[in-house]
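>
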Amino acid sequence: MIRIVIAEDQRMLLGALGSLLDLEEDMVVVGKASDGEKAIELVRLHQPDICIMDIEMPGKTGLEAAEELKELPCKVIILTTFARSGYFERAIKAGVSGYLLKDSPSDELASTIRSVLTGRRVYAPELVDEAYSDNENPLTVREKEVLEMIADGKNTKEIATELYLTTGTIRNYISIILDKLKVNNRVEAIKRFNEKGWFK
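Its first residue numbered 86, the sequence shown is counted upward by one per residue in our numbering.
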């Protein structure tokens, strides 16, 4: 039997996924978690073959949990509503074996589980297409730091003080950030960066 742990913070979906997989003759759900921390506990306790993980959960996210589980034999499949390239890149680095979107057909999940156990990796085609398009985070580490401070509500003077730079230098950074992200203002820059999943 394929032993499975499911981590999903929406209780109705957690129950539905459990019921769906329990219908498969070769699968059994051995644990259900509603956050990343609990998922890690259950994987260590039950030592399942597969952990199906949502991304946005309370406490630890699914990606943080996947990074912690990387050294264990349990294979992780991300199941999320978010088709964000930044999330996908981070999931690949965390060594996840599958990345599916929640609007995929229900029978696709069971077939993905079986494929993953044979050593294959299964990723939603739309994510793979996007990952190989011009979709890398264009900002340097310092530019990203400035944008994160803007997102936290800090003004130019506050950012300059915190980074020991002049306000003129910060304004230059902001101008470069807007240019690189092809947006007109700070609000649009934060929105675009967030939509891509580049805030980590």
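C-beta atoms are modelled at their ideal positions from N, C-alpha and C, and glycine is treated no differently. Being a predicted model, the structure only gives us computed values, none of them experimental.
Grouping DSSP H, G and I as helix and E and B as strand, with all else coil, what is Arg74?
Examination of residue 74 is not possible in this model, given that the chain is present from 86 through 285 alone.
> Give the straight-line distance between the Cα atoms of Lys187 and Ala168, rounded to the nearest whole angstrom.
If you take the alpha carbons of Lys187 and Ala168, they lie about 10 Å apart.
> Mind listing, in chain order, the continuous beta strand (DSSP E) runs of no fewer than 3 residues lying wholly within the region 102–184?
Here the runs fully enclosed are 112–118, 135–138, 160–165.
> What do you reckon, are the CB atoms on Leu266 and Phe284 nearer than 8 Å?
No.
> Return helix, strand or coil for Gly186, following the three-state DSSP convention.
For the sequence presented, residue 186 should be read as Leu rather than Gly. Of the three classes helix, strand and coil, the one that applies to Leu186 here is strand, per DSSP.
> According to the neighbour-count rule (16 or more other Cβ atoms, all chains shown, within 10 Å of its Cβ), is Val114 buried or exposed?
Burial call: buried.
> If you follow the alpha helix (DSSP H) that Ala236 is part of, which residue opens it and which one closes it?
Here the alpha helix (DSSP H) through Ala236 covers 226–236.
> Grab the span of the alpha helix (DSSP H) containing Asn279 for me, first residue to last.
Its alpha helix (DSSP H) spans residues 271–280.
> Using 8 Å as the threshold, is the C-beta distance between Tyr172 and Leu148 below it?
Yes; because the gap between Cβ atoms is below 8 Å, this pair is in contact.
> If you draw a straight line from the alpha carbon of Lys145 to that of Ala179, how long is it in whole angstroms?
Those two C-alpha atoms are separated by around 14 Å.
> Apart from the five residues on each side of it in sequence, which residues of its chain come closer than 6 Å, Cβ to Cβ, to Gly282?
Closer than 6 Å at the Cβ level, and outside the excluded window around Gly282, lie Arg169, Gly171, Tyr172.
> Counting only C-beta atoms, is Arg169 closer than 8 Å to chain D at any point?
In summary, chain D is missing from the structure at hand, where a single protein chain is found.
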